[in-house]
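Residue numbers (this note's numbering): 2 to 415.
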(Lines of atoms letter the chains of each structure in order from A and count residues from 1; the text may use other names and numbers.)
(Lines give C-alpha, C1' and ligand atoms only; values in the text may rest on other atoms or scores of the structure.)
Protein backbone atom coordinates (compact mmCIF):
# COMPACT_ATOMS: atom_id res chain seq x y z
CA UNK A 1 0.00 0.00 0.00
CA UNK A 2 1.27 3.47 -0.96
CA UNK A 3 2.40 5.39 2.14
CA UNK A 4 0.60 8.52 0.88
CA UNK A 5 -2.76 6.70 0.93
CA UNK A 6 -4.89 7.13 4.04
CA UNK A 7 -7.31 4.73 5.71
CA UNK A 8 -10.22 5.56 8.02
CA UNK A 9 -12.21 3.20 10.24
CA UNK A 10 -15.91 3.44 11.04
CA UNK A 11 -17.34 1.44 13.97
CA UNK A 12 -21.13 1.12 14.10
CA UNK A 13 -22.29 1.36 17.74
CA UNK A 14 -26.10 1.33 17.24
CA UNK A 15 -28.37 2.97 19.73
CA UNK A 16 -31.06 2.63 22.37
CA UNK A 17 -33.76 1.18 20.08
CA UNK A 18 -31.63 -1.97 20.13
CA UNK A 19 -29.97 -3.56 23.15
CA UNK A 20 -33.19 -4.81 24.74
CA UNK A 21 -31.66 -8.29 24.95
CA UNK A 22 -28.84 -6.76 26.96
CA UNK A 23 -31.06 -5.66 29.83
CA UNK A 24 -30.74 -5.13 32.77
CA UNK A 25 -27.07 -4.29 32.02
CA UNK A 26 -27.92 -1.69 29.36
CA UNK A 27 -30.16 0.30 31.76
CA UNK A 28 -27.31 2.45 33.02
CA UNK A 29 -24.55 2.08 30.46
CA UNK A 30 -24.73 1.93 26.64
CA UNK A 31 -24.00 -1.60 25.44
CA UNK A 32 -20.84 -0.51 23.50
CA UNK A 33 -19.33 0.73 26.79
CA UNK A 34 -20.07 -2.45 28.76
CA UNK A 35 -16.71 -3.90 29.87
CA UNK A 36 -15.37 -7.15 28.42
CA UNK A 37 -12.04 -8.30 29.87
CA UNK A 38 -11.91 -5.00 31.77
CA UNK A 39 -12.18 -2.81 28.63
CA UNK A 40 -15.34 -1.31 27.07
CA UNK A 41 -16.78 -3.52 24.31
CA UNK A 42 -15.96 -0.89 21.66
CA UNK A 43 -12.37 -0.64 22.93
CA UNK A 44 -11.44 -4.00 21.38
CA UNK A 45 -12.21 -3.06 17.74
CA UNK A 46 -10.71 0.41 18.33
CA UNK A 47 -7.45 -1.13 19.61
CA UNK A 48 -7.39 -3.43 16.59
CA UNK A 49 -7.77 -0.42 14.26
CA UNK A 50 -4.61 1.06 15.75
CA UNK A 51 -2.67 -1.68 13.89
CA UNK A 52 -3.96 -0.55 10.45
CA UNK A 53 -1.19 1.15 8.43
CA UNK A 54 -1.76 4.84 7.49
CA UNK A 55 -4.85 5.10 9.72
CA UNK A 56 -5.97 8.75 9.82
CA UNK A 57 -9.11 8.66 11.96
CA UNK A 58 -11.62 6.41 13.74
CA UNK A 59 -15.32 7.31 13.70
CA UNK A 60 -17.97 5.82 15.97
CA UNK A 61 -21.41 6.06 14.33
CA UNK A 62 -24.65 5.54 16.23
CA UNK A 63 -27.64 7.22 17.81
CA UNK A 64 -26.74 7.08 21.50
CA UNK A 65 -26.61 10.51 23.15
CA UNK A 66 -23.27 12.25 22.56
CA UNK A 67 -22.79 12.78 26.30
CA UNK A 68 -22.73 8.97 26.76
CA UNK A 69 -19.58 8.73 24.66
CA UNK A 70 -17.88 12.10 25.28
CA UNK A 71 -15.64 11.01 28.17
CA UNK A 72 -14.65 7.69 26.57
CA UNK A 73 -13.89 9.22 23.15
CA UNK A 74 -11.69 11.88 24.74
CA UNK A 75 -9.73 9.38 26.88
CA UNK A 76 -9.24 6.79 24.10
CA UNK A 77 -8.05 9.52 21.66
CA UNK A 78 -5.39 10.55 24.21
CA UNK A 79 -4.44 6.98 25.00
CA UNK A 80 -4.00 5.89 21.37
CA UNK A 81 -2.66 9.27 20.16
CA UNK A 82 -5.19 8.99 17.35
CA UNK A 83 -8.36 11.01 16.65
CA UNK A 84 -11.51 9.10 17.63
CA UNK A 85 -14.77 10.92 16.96
CA UNK A 86 -18.39 10.09 17.78
CA UNK A 87 -20.94 10.89 15.04
CA UNK A 88 -24.57 10.87 16.16
CA UNK A 89 -27.23 9.94 13.61
CA UNK A 90 -30.48 11.91 13.75
CA UNK A 91 -32.33 8.55 13.48
CA UNK A 92 -31.43 4.95 12.51
CA UNK A 93 -30.29 4.85 8.86
CA UNK A 94 -29.32 1.16 8.64
CA UNK A 95 -25.80 -0.26 8.55
CA UNK A 96 -24.99 1.19 5.11
CA UNK A 97 -27.23 4.27 5.44
CA UNK A 98 -25.38 5.40 8.57
CA UNK A 99 -22.10 5.28 6.66
CA UNK A 100 -23.63 7.26 3.78
CA UNK A 101 -25.21 9.85 6.09
CA UNK A 102 -21.72 10.92 7.26
CA UNK A 103 -19.99 10.45 3.87
CA UNK A 104 -18.67 14.03 3.70
CA UNK A 105 -17.04 13.79 7.14
CA UNK A 106 -15.66 10.29 6.47
CA UNK A 107 -14.13 11.46 3.17
CA UNK A 108 -12.52 14.61 4.70
CA UNK A 109 -9.08 12.93 4.73
CA UNK A 110 -9.64 11.59 1.16
CA UNK A 111 -9.06 7.98 2.31
CA UNK A 112 -8.36 5.28 -0.28
CA UNK A 113 -9.97 2.65 1.97
CA UNK A 114 -12.67 2.63 4.64
CA UNK A 115 -12.93 -0.09 7.29
CA UNK A 116 -16.44 -0.73 8.59
CA UNK A 117 -16.80 -2.75 11.81
CA UNK A 118 -19.74 -3.69 13.98
CA UNK A 119 -19.18 -2.95 17.66
CA UNK A 120 -21.00 -6.06 18.93
CA UNK A 121 -18.60 -8.46 17.23
CA UNK A 122 -15.87 -10.23 19.20
CA UNK A 123 -12.88 -11.51 17.22
CA UNK A 124 -9.15 -11.01 16.77
CA UNK A 125 -9.84 -8.40 14.02
CA UNK A 126 -7.07 -9.36 11.53
CA UNK A 127 -7.32 -5.93 9.88
CA UNK A 128 -3.83 -5.39 8.38
CA UNK A 129 -3.84 -8.79 6.63
CA UNK A 130 -7.43 -8.19 5.50
CA UNK A 131 -6.33 -4.87 3.96
CA UNK A 132 -3.48 -6.61 2.09
CA UNK A 133 -5.92 -9.20 0.70
CA UNK A 134 -8.43 -6.49 -0.28
CA UNK A 135 -5.80 -4.56 -2.25
CA UNK A 136 -4.72 -7.79 -3.99
CA UNK A 137 -8.32 -8.67 -4.94
CA UNK A 138 -8.86 -5.21 -6.44
CA UNK A 139 -12.62 -5.12 -5.73
CA UNK A 140 -14.89 -2.53 -4.16
CA UNK A 141 -15.18 -4.41 -0.87
CA UNK A 142 -13.86 -7.33 1.17
CA UNK A 143 -15.71 -8.93 4.08
CA UNK A 144 -14.35 -11.04 6.92
CA UNK A 145 -15.92 -14.53 6.95
CA UNK A 146 -15.65 -17.64 9.11
CA UNK A 147 -16.82 -21.26 8.98
CA UNK A 148 -19.34 -22.24 11.68
CA UNK A 149 -21.40 -25.35 12.38
CA UNK A 150 -24.14 -26.03 9.83
CA UNK A 151 -26.71 -25.98 12.67
CA UNK A 152 -25.87 -22.41 13.75
CA UNK A 153 -25.21 -20.87 10.31
CA UNK A 154 -28.81 -19.73 9.72
CA UNK A 155 -28.56 -17.25 12.62
CA UNK A 156 -26.22 -15.17 10.46
CA UNK A 157 -25.67 -14.03 6.88
CA UNK A 158 -24.65 -17.12 4.87
CA UNK A 159 -22.53 -16.82 1.74
CA UNK A 160 -20.88 -18.71 -1.08
CA UNK A 161 -17.40 -17.65 -2.25
CA UNK A 162 -15.19 -18.83 -5.09
CA UNK A 163 -12.55 -21.07 -3.41
CA UNK A 164 -9.83 -19.85 -5.83
CA UNK A 165 -10.49 -16.12 -6.30
CA UNK A 166 -12.41 -15.59 -3.00
CA UNK A 167 -15.05 -13.60 -4.90
CA UNK A 168 -18.41 -13.34 -3.11
CA UNK A 169 -20.79 -15.27 -5.40
CA UNK A 170 -23.97 -15.40 -3.32
CA UNK A 171 -25.15 -13.81 -0.09
CA UNK A 172 -28.35 -14.31 1.90
CA UNK A 173 -29.22 -12.96 5.35
CA UNK A 174 -30.48 -15.57 7.90
CA UNK A 175 -31.86 -18.01 5.29
CA UNK A 176 -34.62 -20.49 6.16
CA UNK A 177 -32.85 -23.28 4.28
CA UNK A 178 -29.14 -24.11 4.55
CA UNK A 179 -26.94 -22.30 2.03
CA UNK A 180 -23.42 -22.55 3.43
CA UNK A 181 -21.45 -22.90 6.66
CA UNK A 182 -19.49 -19.76 5.70
CA UNK A 183 -20.90 -16.68 7.42
CA UNK A 184 -20.46 -12.90 7.49
CA UNK A 185 -18.41 -11.66 10.50
CA UNK A 186 -19.61 -8.03 10.33
CA UNK A 187 -16.14 -6.63 9.50
CA UNK A 188 -15.57 -5.01 6.09
CA UNK A 189 -13.20 -2.88 4.07
CA UNK A 190 -14.40 -0.77 1.13
CA UNK A 191 -13.08 1.69 -1.41
CA UNK A 192 -15.00 5.01 -1.56
CA UNK A 193 -17.07 3.44 -4.40
CA UNK A 194 -19.28 2.06 -1.61
CA UNK A 195 -20.94 5.49 -1.39
CA UNK A 196 -22.03 5.30 -5.04
CA UNK A 197 -23.45 1.81 -4.43
CA UNK A 198 -25.45 3.05 -1.42
CA UNK A 199 -26.68 6.09 -3.35
CA UNK A 200 -27.87 3.80 -6.19
CA UNK A 201 -30.03 1.85 -3.70
CA UNK A 202 -31.65 5.08 -2.45
CA UNK A 203 -32.27 6.42 -5.97
CA UNK A 204 -33.73 3.10 -7.19
CA UNK A 205 -35.96 2.84 -4.13
CA UNK A 206 -37.26 6.38 -4.65
CA UNK A 207 -37.87 5.66 -8.34
CA UNK A 208 -39.83 2.47 -7.55
CA UNK A 209 -41.91 4.33 -4.95
CA UNK A 210 -42.73 7.08 -7.49
CA UNK A 211 -43.79 4.49 -10.10
CA UNK A 212 -46.06 2.83 -7.56
CA UNK A 213 -47.63 6.16 -6.59
CA UNK A 214 -48.68 6.75 -10.18
CA UNK A 215 -50.46 3.42 -10.50
CA UNK A 216 -53.26 3.21 -7.93
CA UNK A 217 -54.34 3.97 -4.39
CA UNK A 218 -53.55 0.39 -3.36
CA UNK A 219 -50.02 0.71 -4.74
CA UNK A 220 -49.61 3.95 -2.80
CA UNK A 221 -50.51 2.07 0.38
CA UNK A 222 -47.83 -0.55 -0.27
CA UNK A 223 -45.25 2.13 -1.18
CA UNK A 224 -45.65 3.77 2.20
CA UNK A 225 -44.85 0.44 3.83
CA UNK A 226 -41.50 0.13 2.05
CA UNK A 227 -38.27 1.26 3.71
CA UNK A 228 -37.43 4.98 3.63
CA UNK A 229 -34.94 5.79 0.87
CA UNK A 230 -32.28 6.87 3.39
CA UNK A 231 -32.48 3.56 5.32
CA UNK A 232 -30.03 1.22 3.60
CA UNK A 233 -28.99 -2.16 4.98
CA UNK A 234 -25.53 -3.36 4.11
CA UNK A 235 -26.46 -7.05 3.93
CA UNK A 236 -29.78 -7.14 2.02
CA UNK A 237 -29.35 -3.93 -0.02
CA UNK A 238 -25.63 -4.00 -0.91
CA UNK A 239 -24.05 -7.44 -0.38
CA UNK A 240 -26.84 -9.61 -1.87
CA UNK A 241 -27.35 -7.58 -5.11
CA UNK A 242 -23.60 -7.09 -5.74
CA UNK A 243 -22.62 -10.75 -5.13
CA UNK A 244 -21.29 -12.44 -8.26
CA UNK A 245 -20.43 -9.12 -9.99
CA UNK A 246 -16.67 -9.15 -9.30
CA UNK A 247 -17.04 -6.28 -6.83
CA UNK A 248 -17.04 -8.05 -3.45
CA UNK A 249 -14.53 -10.53 -2.01
CA UNK A 250 -14.06 -12.55 1.18
CA UNK A 251 -11.24 -12.98 3.67
CA UNK A 252 -11.57 -16.02 5.91
CA UNK A 253 -10.42 -16.06 9.53
CA UNK A 254 -9.63 -19.27 11.41
CA UNK A 255 -9.44 -17.44 14.73
CA UNK A 256 -12.22 -16.92 17.29
CA UNK A 257 -15.44 -15.06 16.43
CA UNK A 258 -18.66 -14.41 18.33
CA UNK A 259 -21.54 -11.97 18.12
CA UNK A 260 -22.29 -10.25 21.44
CA UNK A 261 -26.07 -10.47 21.46
CA UNK A 262 -26.78 -11.18 25.13
CA UNK A 263 -25.18 -10.79 28.58
CA UNK A 264 -24.42 -14.52 28.51
CA UNK A 265 -22.41 -14.13 25.33
CA UNK A 266 -20.64 -11.08 26.79
CA UNK A 267 -19.26 -13.37 29.51
CA UNK A 268 -18.05 -15.80 26.83
CA UNK A 269 -16.48 -12.94 24.84
CA UNK A 270 -14.78 -11.59 27.94
CA UNK A 271 -13.15 -15.03 28.23
CA UNK A 272 -12.04 -14.94 24.58
CA UNK A 273 -10.49 -11.48 24.97
CA UNK A 274 -8.76 -12.43 28.24
CA UNK A 275 -7.19 -15.40 26.44
CA UNK A 276 -6.10 -13.09 23.60
CA UNK A 277 -4.39 -10.77 26.13
CA UNK A 278 -1.81 -13.52 26.70
CA UNK A 279 -0.43 -12.69 23.23
CA UNK A 280 -1.38 -9.02 22.76
CA UNK A 281 -1.41 -7.42 26.24
CA UNK A 282 0.07 -9.76 28.88
CA UNK A 283 0.60 -6.75 31.19
CA UNK A 284 -3.20 -6.56 31.64
CA UNK A 285 -3.40 -10.06 33.16
CA UNK A 286 -3.16 -10.48 36.92
CA UNK A 287 -0.81 -12.90 38.66
CA UNK A 288 -0.59 -14.10 42.25
CA UNK A 289 0.22 -17.21 44.27
CA UNK A 290 -2.02 -16.70 47.32
CA UNK A 291 0.72 -15.42 49.61
CA UNK A 292 1.12 -11.66 49.22
CA UNK A 293 -1.57 -11.50 46.53
CA UNK A 294 -4.71 -13.51 45.84
CA UNK A 295 -4.22 -16.86 44.10
CA UNK A 296 -4.85 -16.37 40.36
CA UNK A 297 -5.93 -19.29 38.15
CA UNK A 298 -5.96 -18.85 34.35
CA UNK A 299 -6.72 -15.51 32.67
CA UNK A 300 -7.87 -12.76 35.06
CA UNK A 301 -8.11 -8.96 34.77
CA UNK A 302 -8.09 -6.88 37.98
CA UNK A 303 -8.43 -3.09 37.82
CA UNK A 304 -5.55 -1.36 39.68
CA UNK A 305 -8.02 0.36 42.07
CA UNK A 306 -9.65 -2.94 43.18
CA UNK A 307 -8.76 -4.37 46.60
CA UNK A 308 -8.57 -8.17 46.68
CA UNK A 309 -7.75 -10.07 49.90
CA UNK A 310 -4.67 -12.33 49.57
CA UNK A 311 -6.69 -15.37 50.73
CA UNK A 312 -9.18 -15.03 47.82
CA UNK A 313 -8.90 -17.37 44.82
CA UNK A 314 -9.71 -15.80 41.45
CA UNK A 315 -10.14 -17.34 37.99
CA UNK A 316 -10.22 -18.56 35.38
CA UNK A 317 -12.10 -16.02 33.19
CA UNK A 318 -12.67 -13.28 35.77
CA UNK A 319 -12.77 -9.54 35.14
CA UNK A 320 -12.81 -7.21 38.18
CA UNK A 321 -13.62 -3.52 37.57
CA UNK A 322 -12.73 -0.31 39.41
CA UNK A 323 -13.07 0.10 43.19
CA UNK A 324 -14.24 -3.48 43.79
CA UNK A 325 -13.60 -4.93 47.26
CA UNK A 326 -13.09 -8.69 47.52
CA UNK A 327 -12.98 -10.14 51.05
CA UNK A 328 -11.10 -13.04 52.62
CA UNK A 329 -11.77 -16.55 51.32
CA UNK A 330 -13.84 -15.38 48.34
CA UNK A 331 -13.89 -17.68 45.26
CA UNK A 332 -14.58 -16.16 41.81
CA UNK A 333 -14.88 -18.27 38.62
CA UNK A 334 -16.01 -17.13 35.16
CA UNK A 335 -17.59 -13.81 36.10
CA UNK A 336 -17.61 -10.09 35.42
CA UNK A 337 -17.61 -7.93 38.55
CA UNK A 338 -18.55 -4.32 37.73
CA UNK A 339 -17.48 -1.06 39.43
CA UNK A 340 -17.87 -0.46 43.18
CA UNK A 341 -19.05 -4.00 44.08
CA UNK A 342 -18.33 -5.40 47.54
CA UNK A 343 -17.96 -9.17 47.94
CA UNK A 344 -17.72 -10.15 51.59
CA UNK A 345 -15.86 -13.03 53.23
CA UNK A 346 -16.22 -16.56 51.80
CA UNK A 347 -18.77 -15.59 49.14
CA UNK A 348 -18.68 -17.55 45.84
CA UNK A 349 -19.49 -16.23 42.35
CA UNK A 350 -19.59 -18.59 39.33
CA UNK A 351 -20.81 -17.91 35.74
CA UNK A 352 -22.34 -14.59 36.71
CA UNK A 353 -22.28 -10.83 36.11
CA UNK A 354 -22.49 -8.70 39.25
CA UNK A 355 -23.80 -5.17 38.59
CA UNK A 356 -22.38 -1.83 39.69
CA UNK A 357 -22.49 -0.99 43.43
CA UNK A 358 -23.91 -4.41 44.35
CA UNK A 359 -23.07 -6.13 47.62
CA UNK A 360 -22.72 -9.87 48.29
CA UNK A 361 -22.94 -10.99 51.94
CA UNK A 362 -20.74 -13.41 53.84
CA UNK A 363 -21.02 -17.05 52.68
CA UNK A 364 -23.45 -16.02 49.93
CA UNK A 365 -23.35 -17.85 46.61
CA UNK A 366 -24.22 -16.40 43.18
CA UNK A 367 -23.94 -18.95 40.38
CA UNK A 368 -25.31 -20.45 37.17
CA UNK A 369 -24.74 -23.50 34.99
CA UNK A 370 -22.85 -21.45 32.40
CA UNK A 371 -24.86 -22.12 29.22
CA UNK A 372 -24.01 -18.82 27.51
CA UNK A 373 -26.89 -19.13 25.02
CA UNK A 374 -29.68 -19.94 27.49
CA UNK A 375 -31.81 -17.09 28.84
CA UNK A 376 -31.02 -18.05 32.44
CA UNK A 377 -27.71 -19.75 31.64
CA UNK A 378 -25.83 -17.14 33.62
CA UNK A 379 -26.89 -15.18 36.70
CA UNK A 380 -27.11 -11.41 36.33
CA UNK A 381 -27.42 -8.95 39.20
CA UNK A 382 -28.42 -5.45 38.06
CA UNK A 383 -27.09 -2.25 39.61
CA UNK A 384 -27.08 -1.91 43.42
CA UNK A 385 -28.44 -5.38 44.23
CA UNK A 386 -27.86 -6.57 47.79
CA UNK A 387 -27.52 -10.31 48.45
CA UNK A 388 -27.63 -10.89 52.20
CA UNK A 389 -25.42 -13.28 54.20
CA UNK A 390 -25.72 -16.99 53.31
CA UNK A 391 -28.24 -16.38 50.48
CA UNK A 392 -27.91 -18.53 47.32
CA UNK A 393 -28.85 -17.15 43.88
CA UNK A 394 -28.87 -19.70 41.03
CA UNK A 395 -29.61 -19.16 37.29
CA UNK A 396 -31.50 -15.92 37.93
CA UNK A 397 -31.76 -12.35 36.69
CA UNK A 398 -32.23 -9.67 39.34
CA UNK A 399 -33.23 -6.15 38.28
CA UNK A 400 -31.52 -3.11 39.85
CA UNK A 401 -31.95 -1.93 43.47
CA UNK A 402 -33.31 -5.20 44.88
CA UNK A 403 -32.42 -6.81 48.22
CA UNK A 404 -32.43 -10.62 48.35
CA UNK A 405 -32.99 -12.06 51.83
CA UNK A 406 -34.25 -15.45 50.60
CA UNK A 407 -32.52 -17.83 48.18
CA UNK A 408 -33.77 -17.94 44.56
CA UNK A 409 -33.35 -20.37 41.67
CA UNK A 410 -34.29 -19.90 37.98
CA UNK A 411 -36.21 -16.70 38.63
CA UNK A 412 -36.38 -13.24 37.11
CA UNK A 413 -36.73 -10.83 40.01
CA UNK A 414 -38.56 -7.72 38.80
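Glycine included, each C-beta is placed from N, C-alpha and C at the ideal position.
| query | result |
| --- | --- |
| Quick check: residue 386 and residue 410, are their CB atoms within less than 9 Å of each other? | no |
| Can you tell which of 367, 296, 378 and 171 has the C-alpha that lies nearest to the C-alpha of residue 263? | 378 |
| Whole-angstrom Cβ separation of residue 384 and residue 397, contact assumed at under 8 Å? | With 8 Å as the limit, residue 384 and residue 397 do not qualify as a contact, their Cβ atoms being about 16 Å apart. |
| Give the list of continuous beta strand (DSSP E) stretches no shorter than 3 residues that lie fully inside the stretch 246-293. | 249-253 and 258-260 |
| Do residue 144 and residue 180 have their C-beta atoms within less than 9 Å of each other? | no |
| Taking the beta carbon of residue 68 as the centre, do at least 16 other beta carbons fall within 10 Å, making it buried, or is it exposed? | exposed |
| Would a C-beta distance cut-off of 9 Å place residue 399 and residue 25 closer than the cut-off? | yes |
| Does DSSP put residue 166 in a helix, in a strand, or in coil? | coil |
| Please go through the same chain and pick out, in chain order, the residues whose beta-carbon is closer than 8 Å to the beta-carbon of residue 34, but skip the five residues on each side of it. | 41, 42, 43, 69, 70 and 73 |
| Measure the alpha-carbon distance for residue 13 versus residue 85 and round it to whole angstroms. | 13 Å |
| Spatial neighbours of residue 170 within its chain, please: C-beta separation below 7 Å, excluding the five flanking residues on both sides. | 161, 162, 163, 244 and 245 |
| Determine the direct distance from the alpha carbon of residue 408 to that of residue 303, and round the result to whole angstroms. | 29 Å |
| Rounded to whole angstroms, how far is the Cβ of residue 236 from the Cβ of residue 203, which I believe are closer than 8 Å? | No, residue 236 and residue 203 are not in contact; Cβ-Cβ is about 16 Å, not under 8 Å. |
| Near residue 445, which residues of its chain fall below 6 Å by C-beta distance, leaving aside the five closest residues on each side in sequence? | Outside the shown range of the chain (2 to 415) lies residue 445, about which nothing can therefore be said. |
| DSSP state of residue 44, grouped into three classes? | helix |
| Can you tell me the Cα-Cα spacing of residue 359 and residue 66, whole angstroms? | 26 Å |
| When DSSP builds the beta bridges, which residues end up paired with residue 114? | 8 |
| When you compare only the Cα positions, how much space is there between residue 3 and residue 55? | 9 Å |
| How do the stretch 127-145 and the stretch 103-110 stand: do at least 3 beta-carbon pairs fall below 8 Å, yes or no? | no |
| Rounded to whole angstroms, what is the Cα-Cα separation between residue 116 and residue 75? | 21 Å |
| Drop a sphere of 10 angstroms on the beta-carbon of residue 114, count the other beta-carbons inside from all chains shown, and report buried for 16 or more, exposed for fewer. | buried |
| Determine whether the beta carbon atoms of residue 278 and residue 300 lie at a separation below 9 Å. | yes |
| Let me know the secondary structure DSSP gives residue 36 once reduced to three states. | strand |
| For residue 191, does the count of other Cβ atoms within 10 angstroms reach 16, so buried, or fall short, so exposed? | buried |
| Closest by CA to residue 9, which one among 320, 253, 199 and 100? | 100 |
| Does the beta-carbon of residue 366 have 16 or more other beta-carbons within 10 angstroms, so that it is buried, or is it exposed? | buried |
| Could you have a look at residue 366 and say whether DSSP puts it in helix, strand or coil? | strand |
| With DSSP run on the structure shown, which of helix, strand or coil describes residue 174? | strand |
| For residue 402, which of 200, 5, 28 and 372 has the nearest alpha-carbon? | 28 |
| For residue 120, which three-state DSSP category applies? | coil |
| When DSSP labels each residue in this structure, what does residue 360 get in the three-state scheme? | strand |
| Specify the secondary structure class of residue 297 as computed by DSSP and reduced to three states. | strand |
| If I measure Cβ to Cβ from residue 274 and keep anything under 8 Å in the same chain, skipping five residues before and after, which residues do I get? | 37, 38, 40, 45 and 123 |
| How about residue 323 and residue 309: do their beta carbons lie closer than 9 Å? | no |
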